[in-house]
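Numbered per the working numbering, the sequence shown spans residues 191 to 706.
For each residue, glycine too, the CB sits at the ideal point set by N, CA and C.
Just below is one structure, and these are the notes that go with it.
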Amino acid sequence: MPDSAVLFRRLALVAIALTFTLHAPAALAQSKRDRAAAEGLVERMAAAEVRYRESLVRAANNDPEAISEGNAALEDMEDVMIACEKQRGCNVSRLLPGWKRLLKAQADDVAGVEGEEPEAWAEGEGELPTGDVPDAASAAALLSEDGQRFVRMVQFNPAVQAGIRRWLTDMRVALVTSHENYQYMRHMMSPAFERRGLPEALLFGIMAKESNGRVHAGSRAGAVGPLQFMPATGQRFGLGPDGTGFDTRYDPRMSSDAAASYLSERFAEFGNDVEMWLAAYNGGEGRAARVHRGSGGRKFWDADVYNQFPAETRDYVPMVIAAAWLYLHPREYGLSFPKVDARPATFALSRPASIYELTICMGDAGSRHGYLRSLRNLNPRYEADTVIAGGTVLNGTVRMAGLYKRWCAQGKRADLARQLMGSSVDAAIVRTGPIEVVRPGDTGSEAAGSVLPATSPVAAPQRRAREHRVAPGETLAAVSRRYGCDVRGLARANGVKAPAYAIRVGQQLKLEGCKG
Numbered sequence: 191m192p193d194s195a196v197l198f199r200r201l202a203l204v205a206i207a208l209t210f211t212l213h214a215p216a217a218l219a220q221s222k223r224d225r226a227a228a229e230g231l232v233e234r235m236a237a238a239e240v241r242y243r244e245s246l247v248r249a250a251n252n253d254p255e256a257i258s259e260g261n262a263a264l265e266d267m268e269d270v271m272i273a274c275e276k277q278r279g280c281n282v283s284r285l286l287p288g289w290k291r292l293l294k295a296q297a298d299d300v301a302g303v304e305g306e307e308p309e310a311w312a313e314g315e316g317e318l319p320t321g322d323v324p325d326a327a328s329a330a331a332l333l334s335e336d337g338q339r340f341v342r343m344v345q346f347n348p349a350v351q352a353g354i355r356r357w358l359t360d361m362r363v364a365l366v367t368s369h370e371n372y373q374y375m376r377h378m379m380s381p382a383f384e385r386r387g388l389p390e391a392l393l394f395g396i397m398a399k400e401s402n403g404r405v406h407a408g409s410r411a412g413a414v415g416p417l418q419f420m421p422a423t424g425q426r427f428g429l430g431p432d433g434t435g436f437d438t439r440y441d442p443r444m445s446s447d448a449a450a451s452y453l454s455e456r457f458a459e460f461g462n463d464v465e466m467w468l469a470a471y472n473g474g475e476g477r478a479a480r481v482h483r484g485s486g487g488r489k490f491w492d493a494d495v496y497n498q499f500p501a502e503t504r505d506y507v508p509m510v511i512a513a514a515w516l517y518l519h520p521r522e523y524g525l526s527f528p529k530v531d532a533r534p535a536t537f538a539l540s541r542p543a544s545i546y547e548l549t550i551c552m553g554d555a556g557s558r559h560g561y562l563r564s565l566r567n568l569n570p571r572y573e574a575d576t577v578i579a580g581g582t583v584l585n586g587t588v589r590m591a592g593l594y595k596r597w598c599a600q601g602k603r604a605d606l607a608r609q610l611m612g613s614s615v616d617a618a619i620v621r622t623g624p625i626e627v628v629r630p631g632d633t634g635s636e637a638a639g640s641v642l643p644a645t646s647p648v649a650a651p652q653r654r655a656r657e658h659r660v661a662p663g664e665t666l667a668a669v670s671r672r673y674g675c676d677v678r679g680l681a682r683a684n685g686v687k688a689p690a691y692a693i694r695v696g697q698q699l700k701l702e703g704c705k706g
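Following this line, the structure appears as structure tokens:
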């Protein structure tokens with residue numbers, strides 16, 4: 191029996207056992223200590239789930255230690271469930287979804303089948319299709335007591351319906367791309383929202399509107415990262431320069447944790463008025479708090495509240511809600527999100543390479559667009575054309591790890607990718623010497639001595655350039671390669687901030703410490 195099948199069999203048996211043994215309702219937490227202990231158990235369960243998933247990846251790669259690692263993770267999950275039953279304030283129902291996710295993921299992987307199509311709804315009834323919103327994805331209890339506020343928010347709000355229309359027409363490609371990008375980062379981002387009981391669908395909606403799932407996105411106002419934190423707000427929630435030249439606002443895991451903390455603050459401030467959370471996220475919590483107090487706590491759609499927010503925020507709120515709704519109900523609108531094999535894995539570079547080089551040698555097996563975006567999103571510390579040292583461990587997926595081993599570690603495609611990355615436009619330029627015109631009457635050796643070959647291979651000595659004017663399409667890394675500079679040194683010399691290293695057309699760069 192394959193290693194992964196052994197682990198799956200034990201997972202199923204333990205899940206069945208827990209179904210019969212963990213039946214007592216959890217008591218309500220009575221103190222901060224109880225609540226802290228209960229939250230600690232939830233975090234332990236999430237960590238054990240990650241360890242179990244990693245053991246499956248290792249088992250698929252015939253790692254002899256995979257079985258023992260997987261069994262240890264399962265034992266830890268069992269211990270957490272038993273401890274939760276004894277811990278006052280710990281709700282076992284918060285832990286069971288982890289088991290369900292693992293069982294479903296394994297069953298789908300073994301069966302290789304797609305989910306069933308939903309039943310068609312009656313036409314001409316004048317209502318939006320709604321369906322049941324999955325609790326794990328929508329955190330319905332946080333939206334309203336009956337779990338239907340989200341449904342009503344969509345059914346009866348023309349602004350949200352208009353947002354759905356926009357996502358399904360002009361912005362359809364952006365929505366589908368956002369979903370594809372999110373699938374690769376979901377294991378990094380969703381746990382923070384799940385731990386706090388926040389809707390995962392809301393996380394997706396914010397990310398889709400803010401960045402389309404591009405980790406290195408930035409705005410002219412200074413917001414960066416997949417969830418677009420401004421410097422001051424990011425700093426308040428633990429994001430910013432980490433001392434190595436990297437801004438952690440670009441990190442998917444850390445930024446989603448900060449966003450979950452931010453929205454939890456807004457929940458404490460505005461209750462379950464999700465629209466006001468989003469208005470604060472986009473327009474600033476200071477403005478939202480002033481409007482909320484000044485209106486006596488009226489809702490976002492009240493005219494006196496709505497009109498006090500800028501046009502950008504009035505557009506932002508319904509668009510995020512619309513994207514969240516489509517994340518939960520794609521098929522009802524004829525929307526097909528692409529399926530990607532996003533099972534997380536890591537791989538170590540056997541030799542130095544850039545993300546561009548890896549993108550070339552990996553090809554596009556299993557991905558319509560190749561792996562450039564997903565590699566960058568999962569490894570935000572590295573610019574796409576920066577050469578990464580051999581031995582560095584990169585984040586990826588099971589498929590990426592396999593493709594790297596097959597095509598990038600060695601062989602013709604690996605060599606071709608390296609050759610392409612070493613190519614330079616400058617090498618194609620032929621330098622010519624001065625051309626002299628032969629005047630009438632010049633003959634013999636006199637004429638021959640007056641004309642130099644038009645394509646003389648010997649170029650006149652050139653002065654070392656001390657400055658470079660940025661041309662359209664140039665990046666700092668490209669300039670550093672051209673002149674033989676260290677990209678970080680060049681960035682420091684010109685006050686360019688990592689990791690984006692953003693430069694503008696026409697900017698004069700000082701070439702300090704460059705060879706060329």
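Here's the rule I'm using: 16 or more other beta-carbon atoms within 10 Å means buried, otherwise exposed. How should L610 be labelled? exposed
Have a look at the DSSP bridge pairing and note the partners of R659. Q698
I'd like the list of long-range same chain contacts for M235, defined as Cβ closer than 7 Å, with 5 residues on each side in sequence excluded. M267, V270, L285 and G288
Boundaries of the beta strand (DSSP E) in which P534 is found, first to last residue: P534 to A538
Buried versus exposed, by CB contacts within 10 Å (16 or more), V615: exposed
So what's G260 in DSSP terms, helix, strand or just coil? helix
Which of helix, strand or coil does DSSP assign to P431? strand
What residue ranges within the segment 439-483 form continuous alpha helix (DSSP H) runs of no fewer than 4 residues, ordered along the chain? 442-460 and 464-473
Whole-angstrom Cβ separation of Y517 and L358, contact assumed at under 8 Å? Not confirmed; about 13 Å, so no contact.
Grab me the residues of R582's own chain with a C-beta within less than 8 Å of its C-beta, minus the 5 sequence neighbours each way, in chain order. Note on residue identity: the sequence assigns Thr, not Arg, to residue 582. Once the five neighbours on either side are set aside, the close Cβ partners of T582 are A538 and L539.
Given this structure, state the Cα-to-Cα distance separating S445 from R566, to the nearest angstrom. 16 Å
Starting from G612, follow the beta strand (DSSP E) in both directions and report where the run begins and ends. Run containing G612: none in the beta strand (DSSP E); it sits in the alpha helix (DSSP H), K602 to G612.
Which of the three DSSP states is assigned to A543 in this structure? strand
For L584, the residue or residues it bridges with in DSSP: F537
Express the C-alpha separation of A692 and R223 in angstroms, rounding to a whole number. 47 Å
What's the call for S258, buried or exposed, on a 16-neighbour Cβ count within 10 Å? exposed
Can you check which of these residues, R243, S245, A228 and V240, is closest to C274 by C-alpha distance? A228
Tell me whether D575 sits in a helix, a strand or coil according to DSSP, three-state version. coil
Tell me which residues share the same chain as P554 and place their Cβ nearer than 6 Å to its Cβ, disregarding the 5 neighbours each side in the sequence. Note on identity: in this sequence residue 554 is Asp, with Pro being the wrong assignment. Cβ within range, chain order: G560.
Nonlocal neighbours in the same chain, by C-beta distance under 8 Å from G696, ignoring five residues either side: R659 and V660
Just confirm the distance between the C-beta atoms of Y673 and A532, as a whole number of angstroms; I'd bet it's less than 8 Å. Incorrect: roughly 39 Å between the Cβ atoms, too far for contact.
For the alpha helix (DSSP H) that contains W515, what are its first and last residues? A501 to L518
So with Cβ pairs under 8 Å, would you call E259 a contact of chain C? The structure shown contains no chain C, having only a single protein chain.
Enumerate in chain order the residues of its own chain whose CB-to-CB distance from A382 is below 6 Å, with the five nearest sequence positions on each side excluded. S446, D447 and A450
Counting C-beta neighbours from all protein chains within 10 Å, is the total for L701 16 or more, i.e. buried, or is it exposed? buried
What whole-angstrom Cβ distance do L699 and V669 have, given they're in contact under 8 Å? 6 Å
Between the segment 506-513 and the segment 346-365, do at least 3 Cβ pairs fall closer than 8 Å? yes
DSSP puts F419 in a beta bridge; with which residues? V414
V361: first and last residue of the uninterrupted alpha helix (DSSP H) it sits in: Looking at the sequence shown, residue 361 is not Val but Met. Note, M361: premise wrong, no alpha helix (DSSP H); not H, not E.
Out of R558, N402, A501 and N462, which one is the CA nearest neighbour of P528? R558
Determine the DSSP secondary structure at D437, reduced to helix, strand or coil. strand
Give me the residue from Y572, N371 and E664 with the minimum Cα distance to A688. Y572
Do you know offhand how far G433's Cα is from R563's? 25 Å
Taking DSSP as the reference, what is the three-state secondary structure of G395? helix
By Cβ distance below 6 Å, which residues in the same chain neighbour C704 in space, the five residues on each side in sequence not counted? Y673, G674 and C675
Can you tell me which residues form a DSSP beta bridge with G703? G703 pairs with nothing; no bridge assigned.
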